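Protein sequences, first through last, are from chains A and B. For the first sequence, the numbering used here assigns the number 1 to the initial residue and increments by one for each residue that follows. For the second sequence, the numbering used here assigns the number 1 to the initial residue and increments by one for each residue that follows. Glycine included, C-beta positions come from ideal geometry on N, C-alpha and C. Quick caveat, the model's predicted, so the values are computed rather than measured. One structure below.
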Amino acid sequence: MTDLDRVLVLAGGISPEREVSLRSGRRLQEALVRIGVDAEVRDADADLIDALTDDAPAVVFPVLHGVSGEDGTVREVLDLLGVPYVGATPDACRVAFDKPTAKAAVAAAGLSTPASVTLPKEAFHDLGAGQLIARIVQRLGLAVVVKPRAGGSAFGVSYVAAAADLPAALMTCVGYHDWALIERAVTGVEVAVGVIDTADGPVALPAVEIMPASGVYDYAARYTAGETRFVVPARLDPRAAAAAADAALTAHRVLGLRDLSRTDLIVDHAGTVWYLETNIAPGLTETSTWPMGLAGAGLDFAVACRDLAAHAMTRAGR
Amino acid sequence: MVASEVRALFAVASRPEIVSLAGGMPDVSALPMDAVAQTMSELVLQRGPVALQYGGAQGDPGLRERICGVMAMEGIDASPDNVVVTVGSQQALDLVARIFLDPADVVLTEAPTYVTALNVFAAHQAQVVHVPMDDDGLDPQALSETLTRLAAAGRTVKMLYTVPTFQNPAGVTLAGERRGLVVQACRRAGVLVVEDNPYGLLGFDGEPMRALRADAPDDVVYLGSFPKTLAPGLRVGWALAPPAVKDRLVLAAESAMLSHSVFAQLAVDRYLATQPWPEQLKVFRELYRERRDAMLSALAAEMPEDASWTRPAGGFFVWLRLPEGIDTRAMLPRAMLPRAVAARVAYVPGRGFYADGQGRNELRLSYCFPSPARITQGVAPRRDPAPGAGTAGDVRPRPGRPG
Numbered sequence: 001m002t003d004l005d006r007v008l009v010l011a012g013g014i015s016p017e018r019e020v021s022l023r024s025g026r027r028l029q030e031a032l033v034r035i036g037v038d039a040e041v042r043d044a045d046a047d048l049i050d051a052l053t054d055d056a057p058a059v060v061f062p063v064l065h066g067v068s069g070e071d072g073t074v075r076e077v078l079d080l081l082g083v084p085y086v087g088a089t090p091d092a093c094r095v096a097f098d099k100p101t102a103k104a105a106v107a108a109a110g111l112s113t114p115a116s117v118t119l120p121k122e123a124f125h126d127l128g129a130g131q132l133i134a135r136i137v138q139r140l141g142l143a144v145v146v147k148p149r150a151g152g153s154a155f156g157v158s159y160v161a162a163a164a165d166l167p168a169a170l171m172t173c174v175g176y177h178d179w180a181l182i183e184r185a186v187t188g189v190e191v192a193v194g195v196i197d198t199a200d201g202p203v204a205l206p207a208v209e210i211m212p213a214s215g216v217y218d219y220a221a222r223y224t225a226g227e228t229r230f231v232v233p234a235r236l237d238p239r240a241a242a243a244a245a246d247a248a249l250t251a252h253r254v255l256g257l258r259d260l261s262r263t264d265l266i267v268d269h270a271g272t273v274w275y276l277e278t279n280i281a282p283g284l285t286e287t288s289t290w291p292m293g294l295a296g297a298g299l300d301f302a303v304a305c306r307d308l309a310a311h312a313m314t315r316a317g318r
Numbered sequence: 001m002v003a004s005e006v007r008a009l010f011a012v013a014s015r016p017e018i019v020s021l022a023g024g025m026p027d028v029s030a031l032p033m034d035a036v037a038q039t040m041s042e043l044v045l046q047r048g049p050v051a052l053q054y055g056g057a058q059g060d061p062g063l064r065e066r067i068c069g070v071m072a073m074e075g076i077d078a079s080p081d082n083v084v085v086t087v088g089s090q091q092a093l094d095l096v097a098r099i100f101l102d103p104a105d106v107v108l109t110e111a112p113t114y115v116t117a118l119n120v121f122a123a124h125q126a127q128v129v130h131v132p133m134d135d136d137g138l139d140p141q142a143l144s145e146t147l148t149r150l151a152a153a154g155r156t157v158k159m160l161y162t163v164p165t166f167q168n169p170a171g172v173t174l175a176g177e178r179r180g181l182v183v184q185a186c187r188r189a190g191v192l193v194v195e196d197n198p199y200g201l202l203g204f205d206g207e208p209m210r211a212l213r214a215d216a217p218d219d220v221v222y223l224g225s226f227p228k229t230l231a232p233g234l235r236v237g238w239a240l241a242p243p244a245v246k247d248r249l250v251l252a253a254e255s256a257m258l259s260h261s262v263f264a265q266l267a268v269d270r271y272l273a274t275q276p277w278p279e280q281l282k283v284f285r286e287l288y289r290e291r292r293d294a295m296l297s298a299l300a301a302e303m304p305e306d307a308s309w310t311r312p313a314g315g316f317f318v319w320l321r322l323p324e325g326i327d328t329r330a331m332l333p334r335a336m337l338p339r340a341v342a343a344r345v346a347y348v349p350g351r352g353f354y355a356d357g358q359g360r361n362e363l364r365l366s367y368c369f370p371s372p373a374r375i376t377q378g379v380a381p382r383r384d385p386a387p388g389a390g391t392a393g394d395v396r397p398r399p400g401r402p403g
């Protein structure tokens, strides 16, 4: 084990997921400190580059969610500064963060992903929203899920069962991104499968089954304690469980990710595993599924994160 | 309470890049901190054993007397015996709701109304029915009609909750000639009036408005507080109620908290006794007037013709109505989170201020905290993209621009 010097947890940022990121960051920092790692947490703000230049940490552990955090921006800057970090490279981030691109990449590798349409808001304005919506419904059927092309924590996401509700869902969506991804809704068991890189390569963590009390895994269901029930491991038959693990590992590999990731999937009644998206900086809060998967695998959150940080240092030749 | 997207977005509003026209925080930096420190120090040194001890549930008698002096500025003639000191007026409202409301009771409010009052009524399982409001406040005719309609439907209306002066969130004030009519309509229907008046002493023109309670001591429970006129951190508010109601409020307060912080009560009492508080009120009024002017000027210069907004004569808030079809909640992330621009702005979308889904195209703007220059920057459309920002377009809430 490399001696691990100061770990800088980057959390906050200026995305709508700031609050979630701060919660993730504080939890990670406290866990690392508890096992004797010198860890601090700081925001990604206008002073960041100076701070990293003047007093470079041994390694950065980014837990920034959303734009800047997961689209490769911050990691590109860390590369420029020569500071090692935990997680995927900017190139990989850019692919994974863009949901339609990621869907196409994993589909090419053989995974099933719900049929979808991706359009910019201007298309609805310039080409006639009514006609376009009718065609979308014709193609995808109902229900559909409308989500921003990029971003997490279900911000701007709507489940739409009636065509009449699509315009409002699109309006909510484009609040967060200029492009909307409209995806056929799949019914089944919703699971999140974490992946962690180990000395033996990437390992899939036990699938976490997500059962929101309201039926919809929206922002409130994600971050209000008690609003969603989680079952680890997910109640899947062994074949489906293996297929879900395989899908998460395939996504991790195809998208070129490293260290950690979390892939969201739905297992339908026929046992087909449907790929939704992959997070390259999964949430680490008390109600986040990546740490639940770790616990389900019998791994200690603090130790696993320390090992990831140490590995990032080694990778950088330090 | 559940986590919400809007609340999560407000977590970003603390970043310096964002002009927050969302919160209703008074600008306590305008207080003379040396005088506050001296007051606190003397309090501990001279009355520490009392200030740090339990107190009675009704509140410190000296403070209650002083509160009566404050209320006299709005025409209220009250006895300290009928005052109950509470943790802000928020607790007073909760106690009033606790002793009056049963599930399915109706509470009438202005449309829109104070969002946290809606939370209190929801917690007590009451149903809120809104009464229309215009630039002169609550419409007495609409109030009477609503009361008649609800009575005919067999509904039990327990109270009218109103913020009649410099209302939160709309900034409007119930006109003098309407005040008696509102109270009379409620009296006829046997409905209690709960007058919440946190901003009454922060008027920009002339003398304070006469409170509803001033002319209707038996019909009105009056809620007052010091957060906006002194400091919210001390959390000192009060209720003034008819004696029978007051007795129940004291019992409810005792079960809720045993006693309020004696230290905070005595700190307020001493500050008011020893410092030139009326002069401090003038400082606050001038500060907020300047900010109100900045906001109204910016709105007049920047908003399209089909937008409308209120012109508050005091308090903290302007209510902005945009054309139908615009969803201010959907637009909020667009306003707050564009990248690489000089000004990003936070506001509160309108729907949260209604119990019935109205307010989609409306929003609340607060001018109480940012400097006039920041307010102007926040309201103005973005014309100064940072180098390399390209032509991301205008992110201010404007018609005809989805998102």
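- According to the DSSP assignment, Leu81 of chain A belongs to the alpha helix (DSSP H) that extends over Thr73 to Leu81.
- Gly24 of chain B and Val318 of chain B have their C-alpha atoms roughly 11 Å apart.
- Counting only unbroken stretches of 4 or more residues, the alpha helix (DSSP H) elements lying wholly within the region 151-213 of chain B are 176-189, in sequence order.
- By the Cβ test, the region 282-296 of chain A is in contact with the region 186-206 of chain A, since at least three Cβ pairs between them sit closer than 8 Å.
- DSSP places Glu5 of chain B in the uninterrupted alpha helix (DSSP H) bounded by Glu5 to Val12.
- Listed by position along chain A, the residues whose Cβ is nearer than 8 Å to that of Leu332 of chain B are Gly175.
- Here the alpha carbons of Asp43 of chain A and Asp94 of chain B stand approximately 37 Å from one another.
- Per DSSP, the unbroken alpha helix (DSSP H) holding Ser255 of chain B starts and ends at Pro243 to Met257.
- Under DSSP, Val193 of chain A shares a beta bridge with A:Thr263.
- Gly180 of chain B and Asp215 of chain B have their alpha carbons spaced roughly 8 Å apart.
- Here His252 of chain A has Val195, Pro202 and Ser261 as same chain residues with Cβ atoms under 6 Å from its own Cβ, once five neighbours each way along the sequence are excluded.
- When the beta-carbon positions are compared, Arg329 of chain B and Leu337 of chain B stay at least 8 Å from each other.
- Look at the region 151-180 of chain A: the residues with a C-beta under 7 Å from a C-beta of chain B are Phe155, Met171, Thr172, Val174, Gly175 and Tyr176.
- The residue among A:Arg94, A:Thr224 and A:Val86 with its C-alpha nearest the C-alpha of Thr314 of chain A is A:Val86.
- Between Val231 of chain A and Ala185 of chain A, the C-beta spacing is not below 8 Å.
- Within chain B, Ala11 and Val12 have C-beta atoms less than 7 Å from the C-beta of Arg18 of chain A, given in sequence order.
- In the structure shown, the three-state DSSP call for Lys147 of chain A is strand.
- What Arg15 of chain B touches in chain A, judged by beta-carbon distance under 7 Å, is Ile14, going in chain order.
- Taking the Cα of His311 of chain A as reference, the smallest distance to any Cα among A:Val33, A:Thr263, A:Ser24 and A:Val59 is reached at A:Val59.
- Against Leu160 of chain B, chain A offers no close residue; the least beta-carbon distance is about 31 Å (beta-carbon pairs closer than 8 Å).
- Neighbourhood of Asp327 of chain B in chain A, by CB distance below 9 Å: Ala168, Met171, Thr172 and Gly175, in chain order.
- Listed in chain order, the non-local C-beta contacts of Asn82 of chain B below 8 Å within the same chain comprise Leu240, Ala241, Pro242, Pro243 and Lys246, local neighbours out to five positions each way being set aside.
- If you draw a straight line from the Cα of Pro333 of chain B to the Cα of Val67 of chain A, it is about 12 Å long.
- Residue nearest to Ala22 of chain B within the set B:Leu223, B:Ser255 and B:Ser14 is B:Ser14 (criterion: CA-CA distance).
- When the five nearest sequence neighbours on each side are left out, the beta carbons in the same chain lying within less than 8 Å of the beta carbon of Ser15 of chain A are those of Ser21, Leu64, His65, Gly66, Val67, Ser68, Gly69 and Gly151, in order along the chain.
- Listed in chain order, the alpha helix (DSSP H) runs fully inside the region 115-143 of chain A are 121-126 and 129-140, counting runs of at least 4 residues.
- The count of Cβ pairs closer than 8 Å, one atom from the region 193-213 of chain B and one from the region 83-102 of chain B, reaches three, so the stretches are in contact.
- In the structure shown, Glu30 of chain A adopts helical secondary structure according to DSSP, grouped into three states.
- The continuous alpha helix (DSSP H) containing Tyr271 of chain B extends over residues Val262 to Thr274.
- Counting C-beta atoms within 10 angstroms of its own C-beta, Ser214 of chain A has fewer than 16 neighbours from the protein chains shown and is therefore classed as exposed.
- Closer than 8 Å to the CB of Glu5 of chain B there is at least one CB belonging to chain A.
- Counting only runs of 4+ residues, the alpha helix (DSSP H) found wholly inside the region 8-56 of chain B occupies 33-51, in chain order.
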